[in-house]
Every structure is written in structure tokens, then in C-alpha cells.
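**Student:**
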Amino acid sequence: MAIDYSQLIPNNVDLASDRRLQRALENWQPRFLDWWKGMGPDGTLNFDVYLRTAISAEANGWANFGYVKMPDYRWGIFLAGRDPNRVIAYGDNKGKPAWQEVPGELRSTLRRLIVTQGDTEPASVEQQRLLGKTAPSLYDLRNVFQVNVEEGRHLWAMVYLLHAYFGRDGREEAEALLERHSGDPDKPRILGAFNEKTPDWLSFFMFTYFTDRDGKYQLASLAESGFDPLARSCRFMLIEEAHHMFVGESGVGRIVQRTCELMREHKTDDVRALGAIDLATIQKYLNFHCSVSLDLFGQEASTNAANYYTMGVKGRYLETRIEDDHRLTDTTYDIDTAEDGRIVRKTVPALSALNERLRQDYLEDCAKGLLRWNKTIQQAGVDFELKLPHRAFHRRIGAFSGLHVSPDGKVMSEADWKANESKWLPTAEDRAFVTSLMGPAVVEPGKFANWIAPPARGINNQPANFEYVRFN
Ligand code: BYC
2 MAIDYSQLIP
12 NNVDLASDRR
22 LQRALENWQP
32 RFLDWWKGMG
42 PDGTLNFDVY
52 LRTAISAEAN
62 GWANFGYVKM
72 PDYRWGIFLA
82 GRDPNRVIAY
92 GDNKGKPAWQ
102 EVPGELRSTL
112 RRLIVTQGDT
122 EPASVEQQRL
132 LGKTAPSLYD
142 LRNVFQVNVE
152 EGRHLWAMVY
162 LLHAYFGRDG
172 REEAEALLER
182 HSGDPDKPRI
192 LGAFNEKTPD
202 WLSFFMFTYF
212 TDRDGKYQLA
222 SLAESGFDPL
232 ARSCRFMLIE
242 EAHHMFVGES
252 GVGRIVQRTC
262 ELMREHKTDD
272 VRALGAIDLA
282 TIQKYLNFHC
292 SVSLDLFGQE
302 ASTNAANYYT
312 MGVKGRYLET
322 RIEDDHRLTD
332 TTYDIDTAED
342 GRIVRKTVPA
352 LSALNERLRQ
362 DYLEDCAKGL
372 LRWNKTIQQA
382 GVDFELKLPH
392 RAFHRRIGAF
402 SGLHVSPDGK
412 VMSEADWKAN
422 ESKWLPTAED
432 RAFVTSLMGP
442 AVVEPGKFAN
452 WIAPPARGIN
462 NQPANFEYVR
472 FN
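Read in the numbering used here, the sequence shown has 59 at position 58, and its numbers run on one by one without any break.
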């Protein structure tokens with residue numbers, strides 16, 4: 002269904018036919034805008050930004066580019082098309098028609114998952130609030146804004162579900178999504194990674210590479226939900242998510258490229274002296290963002306995850322492409338976990354290992370970008386390899402949270418870990434150095450900060466000197 006842009010809230014869910022819901026969302030809309038103005042990208046209300054906006058939920062019609070002032074962005078409600086024959090693909094309800102309404106017994110479970118998902122979206126906008134001040138180029142400035150407006154829309158996606166299907170509780174949860182704030186000591190965001198700071202662009206690119214990729218895997222699992230409106234919302238969100246990970250992968254890649262160019266040109270490892278980020282520091286940031294994002298998958302052995310699956314609420318990554326019985330009641334899965342202070346491999350019921358299985362899918366996907374970054378390093382003739390840290394490294398959630406583990410997977414005493422921590426994770430001094438390279442924002446079209454290479458091509462094939470943001 003085409004998106005109706007004549008409405009106050011653009012949508013493809015025929016919102017006009019449900020006056021009560023329409024009014025409730027129209028009441029929430031100014032609260033969202035107040036939140037955007039107060040907690041969204043700082044000092045940008047008047048900028049014209051070259052953004053893409055969805056004009057249809059079909060694959061070929063959703064990316065339409067033009068200049069928009071961000072508060073005027075047409076945030077709305079877009080669900081992927083409905084398949085009237087869709088059945089639940091797994092669990093006890095396998096083969097039954099997908100639910101168009103929330104089954105009473107699953108109400109609180111579904112609400113909680115939708116709230117957790119919804120909470121991450123505004124959280125990331127809050128985390129990225131100040132990045133515009135130090136953008137390395139107009140191209141990058143536009144990209145962070147694009148990511149921000151789309152996270153805002155993903156919040157809309159979850160708020161629509163809360164309002165449309167969860168009555169008064171849902172409306173209250175929708176309010177609360179604007180009241181919790183990233184890093185707020187009294188009302189923090191729900192998941193750990195969304196209370197960390199994103200103070201510089203290396204952090205931003207690592208965040209969009211690692212943490213947005215968790216978004217991809219969680220959304221893909223929720224896209225398998227038996228609750229059809231949730232599945233259809235997540236399908237559309239996934240289309241937008243791809244760009245965020247592109248920003249991360251190409252952003253880190255361009256930093257690596259610039260660093261290697263300088264190393265080669267000046268025959269030195271000490272690129273800090275040349276105003277660029279050394280590979281060892283990039284590795285430390287990578288270790289931090291990867292480990293924090295691994296925590297987002299929850300416990301290795303999780304009865305929550307088993308229940309979600311059995312009930313048909315949250316599936317596996319690409320569930321319908323997996324060849325097995327899609328019930329998993331008699332199946333096992335091997336996981337790494339901790340026992341008696343050691344990392345051990347254990348065979349556990351497949352149902353309880355679903356978080357770990359998703360984490361495994363995620364890690365395999367994460368490894369792909371590293372292959373590309375390492376190719377750049379290799380081609381520059383530099384002897385260095387970026388590596389993913391071991392899954393047990395620096396974990397705060399799950400079985401490994403009680404262990405001290407090095408990036409290559411060695412369990413050690415707390416004292417040994419502390420003695421080495423500064424080699425593995427960014428130190429205050431590393432962060433201060435990276436911060437010192439940031440800003441002021443590079444605003445001349447076609448120019449880039451010294452520490453990052455230009456992209457291979459422009460957004461929507463625009464030329465290198467395109468004016469992606471006009472400041473007015
Ligand atoms: N922090 O049985 P477990 C994105 C809690 S990112 C704090 O493993 P479960 C995006 C857990 O709540 C994707 N608490 O839990 C990216 C549970 O509490 P209770 C976001 C945590 O439910 C970038 C207890 O520990 N979407 O979209 O199987 C920019 C036991 O754990 C954490 C989702 O996460 C944590 N990290 O798994 C913008 C999807 N981990 O029951 C956006 C929805 C666990 O003991 N969420 N706990 O009180 C879920 O599917 C699940 O809630 C989780 C946790 C996978 C997060």
C-alpha cells in the first residue's frame with residue numbers, strides 16, 4: 002500500500018479509518034517533536050539536509066532524496082505489505098495463521114519486547130546528539146542526520162504498535178519512551194550499550210558497525226514474530242538499518258585507509274603525530290564496541306528466549322530458511338559458557354541457546370567487515386591485522402561476566418586483567434587523543450578532516466563537492 006502523505010502522520014496503515022488511534026498518535030506527535038528539539042541533533046533545527054524519505058514501502062519506491070529541515074521530516078508509520086496467508090513458522094503455534102491481534106496470554110511478553118526495541122531508537126539519537134559539531138565532512142554530517150531521523154522513525158514504528166494494540170498500557174509505555182534518556186542516572190535507557198557515550202566519530206562508526214548490527218539481528222528475529230504487525234514493522238525497519246551499517250563499515254574503513262596512507266607515505270607507525278588515528282587505537286575501540294554489543298544478545302542460556310520461541314513471539318535469524326523441525330524440543334546446540342572459572346564448551350537444549358545462536362550469527366556477520374578493513378591494511382603493505390575480540394572478553398551480561406578474559410580468549414586473574422586493560426580497551430588518554438582530532442566540523446563541500454579518507458562515491462551518486470547540508 003502506498004504511503005499517504007496527505008495526513009498529519011504519513012502512513013500506509015489507513016490510520017484515517019481509526020479516529021481514536023489517529024487522535025492518540027496525533028497527541029503523541031508534538032511530544033515526539035519536543036523530544037527531538039530537546040534531545041535530538043543539537044543546534045540543527047534550521048539546517049536543510051539532503052535526506053532520503055520513504056514514499057512507499059515497496060523495495061523500489063521508498064528512497065526519495067531531497068532537502069528537508071529535520072523537524073519537518075515526515076516521520077510516519079510504514080509496515081511492509083501483508084501476506085494474508087502467512088503462518089507462524091516455529092514453536093508450539095507452528096502452522097497456525099499469524100496473529101493480527103495480540104493474543105491475551107502474550108500481551109505482557111510482546112509489550113516488553115516492543116518497549117525494549119523501541120527504547121533503543123531514541124537512545125541512539127540521544128547518544129549521537131553532539132556529533133554534528135565535529136563532523137569530518139558534509140557527507141558524514143548528512144549521514145549521521147540520516148541515521149538519526151530513521152532511528153526517530155523506528156521509534157514511531159514501535160509507538161504505533163503500542164498505541165494500536167496495547168491500549169492504555171501501551172500509551173503509557175509510549176510516553177515513557179520519551180522520558181527515559183541515555184545515561185540518565187535516574188531514568189536510564191533499558192539496555193547497557195545505549196547508556197554509553199558516543200562522543201567522537203570513531204565511536205560513532207564503531208557503534209553503527211557493531212550496535213546497529215545487533216539491531217539487524219534482533220529486528221530480523223522479531224520480523225519472524227507470529228504477531229504480524231510487529232513482523233511487518235520490523236521488515237521495513239530492516240531496509241533502513243542497512244544504511245546505518247554501511248555508514249559504520251565505510252566509516253571505519255575510511256579511517257583505516259587514511260591511517261595506512263599516512264603510514265606508508267611517512268614510513269612511520271606514529272600517525273598520531275600526523276593527526277590520524279593509529280591502528281592500535283582503532284583495535285581498542287573495536288574491542289570496546291564489539292564486547293558491549295555482544296552483551297545486547299542477553300544470557301547464553303535463556304529461558305526467556307526459549308519461551309519467546311516456543312510461543313511464536315521471536316524466531317531465529319532467517320527462520321524460514323533453516324532446515325529443521327522449527328520446534329527444537331529434541332535438539333541440542335553447542336555453546337561456550339563459563340564453569341568453575343573456565344570457558345567450557347557445553348551441549349545444551351537448542352531452545353535455551355537461542356540468544357547464543359543469534360550472537361553466533363551476528364559474530365559471523367561482524368567478521369566480514371574486518372576482512373575488508375584488513376585488505377586495505379594489507380594492500381598498503383602494513384603488517385597489522387584487526388581482530389574481533391573473543392566473545393568472553395569484557396562482558397557484563399551472561400555467563401562470562403564473572404570472568405576476566407583477554408581479547409584472544411585467555412582467562413586470567415583480575416590483577417592480570419587490570420595490568421593489561423590499557424592495551425585492550427581505550428584509555429582516558431586514547432579517548433582524549435581521539436577527541437582532540439575532532440572538530441570543528443568540516444563544512445566546506447568536498448573537504449574532509451585529515452584523519453579520514455573521502456568515500457568512494459557520494460550519496461545517491463552525488464559529486465564529491467555536493468552540498469549535503471545547508472546551514473542557512
Ligand atoms: N542489558 O534471559 P535473558 C537496535 C536482562 S539494537 C540489560 O538473556 P532475554 C538499535 C533481561 O532483560 C536491538 N539487561 O534475556 C541499534 C532479563 O531480565 P529479567 C534492540 C539485560 O530477554 C542501534 C535478564 O537480563 N532490540 O535496534 O532473553 C541503534 C535475563 O536475560 C541485557 C532488542 O533487544 C542487557 N544487555 O534477552 C538503534 C530486541 N540482556 O527478565 C537501535 C528486544 C539481558 O530477568 N529484546 N538483560 O528481568 C530482546 O529480545 C531481549 O530483551 C534481549 C535480552 C535479547 C535484549
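Beta carbons are placed, not taken as given, at the ideal position from N, Cα and C, and that holds for glycine. Here the structure is a predicted model, which is why all the values come from computation and not from measurement.
Return the bridge partner residues of Met413 from the DSSP annotation.
**Tutor:** For Met413, which the question treats as bridged, DSSP gives the partners His405.
**Student:** What would DSSP say about Leu52, mapped onto helix, strand or coil?
**Tutor:** Leu52 falls in the strand class under three-state DSSP.
**Student:** Is it the case that the segment 154 to 174 contacts the segment 17 to 35, given that we only count it when at least three CB pairs across the two stretches are under 8 Å?
**Tutor:** Touching, yes.
**Student:** Cα separation between Thr377 and Leu355?
**Tutor:** Cα-Cα distance, rounded: 35 Å.
**Student:** If you measure between the beta carbons of Phe146 and Val470, is that distance less than 9 Å?
**Tutor:** Going by C-beta atoms, Phe146 is nearer than 9 Å to Val470.
**Student:** Go through its chain and collect everything with a Cβ distance to Ser138's Cβ below 6 Å, but skip five positions before and after it.
**Tutor:** If we look at Ser138 and ignore the five residues flanking it on each side, its Cβ neighbours are Val443, Phe449.
**Student:** Considering only their Cβ atoms, is the gap separating Asp229 from Gln101 smaller than 9 Å?
**Tutor:** A contact, by the Cβ cut-off of 9 Å.
**Student:** Got a sec? Which residues, its chain only, sit under 6 Å from Ala124 by beta carbon, not counting five neighbours each side?
**Tutor:** Result list for Ala124: Ser183, Arg190, Phe195, in chain order.
**Student:** How is Ser303 classed by DSSP in three states: helix, strand or coil?
**Tutor:** Looking at Ser303 - three-state DSSP - the assignment turns out to be coil, as it is neither helix nor strand.
**Student:** In this structure, how does DSSP classify Gly168 when only helix, strand and coil are distinguished?
**Tutor:** In this structure, Gly168 counts as helix in the three-state DSSP scheme.
**Student:** Is the beta carbon of Ala124 within less than 8 Å of some heavy atom of ligand 1?
**Tutor:** Correct: Ala124 has its Cβ closer than 8 Å to ligand 1.
**Student:** Identify which residue in Phe289, Gln463, Met71, Glu250 has its Cα closest to the Cα of Phe206.
**Tutor:** Checking every option, the nearest Cα to that of Phe206 belongs to Glu250.
**Student:** Would the segment 150 to 161 and the segment 234 to 242 be scored as touching if the rule is three or more Cβ pairs under 8 Å?
**Tutor:** Yes: the two stretches touch, three or more of their Cβ pairs being nearer than 8 Å.
**Student:** Under the three-state reduction of DSSP, which class applies to Ile336: helix, strand or coil?
**Tutor:** Residue state, collapsed to three classes: strand.
**Student:** Measure the C-alpha to C-alpha separation of Thr269 and Met413 and round it to an integer number of angstroms.
**Tutor:** Each residue's alpha carbon lies about 34 Å from the other.
**Student:** How would you label Tyr6, buried or exposed, when you count the other beta carbons within 10 angstroms and need 16 or more for buried?
**Tutor:** Tyr6 comes out exposed.
**Student:** Could you check where the alpha helix (DSSP H) with Thr212 kicks off and where it finishes?
**Tutor:** It is not in any alpha helix (DSSP H) - Thr212 carries neither H nor E in the DSSP assignment.
**Student:** Could you name the residues of the same chain whose beta carbon sits closer than 6 Å to that of Glu122, not counting the 5 residues immediately before and after it, in chain order?
**Tutor:** Answer for Glu122: Glu152, His155, Leu156, listed in chain order.
**Student:** Would Glu242 be called buried (16 or more neighbouring beta carbons within 10 Å of its own) or exposed?
**Tutor:** Buried, by the Cβ-count rule.
**Student:** Is Lys315 a contact residue of ligand 1, with contact defined as CB to any heavy atom under 8 Å?
**Tutor:** Under cutoff, so the answer is yes.
**Student:** Nearest to Ser226 by CA position, among Glu262, Thr110, Met264, is which residue?
**Tutor:** It is Thr110 whose Cα lies nearest to the Cα of Ser226.
**Student:** Rounded to whole angstroms, what's the CA-CA distance from Gln128 to Met40? Just pull it up for me.
**Tutor:** One C-alpha to the other measures close to 9 Å.
**Student:** Could you check whether Thr212 and Leu297 sit closer than 9 Å to each other, using their CB atoms as the reference points?
**Tutor:** Yes. Within cutoff.
**Student:** Below 8 Å on the Cβ atoms is my guess for Tyr318 versus Leu352; work out the distance and round it to an integer in Å.
**Tutor:** No, Tyr318 and Leu352 are not in contact; Cβ-Cβ is about 15 Å, not under 8 Å.
**Student:** Tell me where the alpha helix (DSSP H) around Lys38 begins and ends.
**Tutor:** Note, Lys38: alpha helix (DSSP H), 20 to 40.
**Student:** In terms of residue numbering, what span does the beta strand (DSSP E) encompassing Arg346 cover?
**Tutor:** Its beta strand (DSSP E) spans residues 343 to 350.
**Student:** How is the beta strand (DSSP E) around Leu66 delimited, first residue to last?
**Tutor:** One detail in the question is off: residue 66 reads as Phe in this sequence, not Leu. Note, Phe66: beta strand (DSSP E), 65 to 70.
**Student:** When you compare only the Cα positions, how much space is there between Met312 and Tyr210?
**Tutor:** The alpha-carbon atoms of Met312 and Tyr210 are separated by roughly 31 Å.
**Student:** Can you say whether Val345 is buried or exposed, counting buried as having 16 or more other CB atoms within 10 angstroms of its CB?
**Tutor:** When all chains shown are included, Val345 counts as exposed.
**Student:** Using a 10 Å radius around the Cβ and a threshold of 16 neighbouring Cβ atoms, would you call Pro390 buried or exposed?
**Tutor:** Buried, since its Cβ has 16 or more Cβ neighbours within 10 Å.
**Student:** Using 8 Å as the threshold, is the segment 330 to 346 in touch with the segment 395 to 415, meaning 3 or more CB pairs across them?
**Tutor:** Result yes; three or more Cβ-Cβ pairs closer than 8 Å.
**Student:** Let me check you understand the geometry: is the CB of Asp326 closer than 8 Å to at least one non-hydrogen atom of ligand 1?
**Tutor:** Because no heavy atom of ligand 1 lies under 8 Å away, the Cβ of Asp326 does not count as near it: no.
**Student:** Going by beta-carbon coordinates alone, are Arg214 and Tyr363 separated by less than 9 Å?
**Tutor:** Cβ atoms of Arg214 and Tyr363: closer than 9 Å.
**Student:** Are the beta-carbon atoms belonging to Ala400 and Ala302 less than 9 Å from one another?
**Tutor:** Their beta carbons are under 9 Å apart, which means Ala400 touches Ala302 by this criterion.
**Student:** Just to confirm before moving on: does the CB-CB distance between Val435 and Pro427 stay below 9 Å?
**Tutor:** Going by C-beta atoms, Val435 is nearer than 9 Å to Pro427.
**Student:** Quick one: any contact between the segment 42 to 51 and the segment 64 to 75, if contact means 3 or more CB pairs under 8 Å?
**Tutor:** Output reads yes: the segment 64 to 75 touches the segment 42 to 51.
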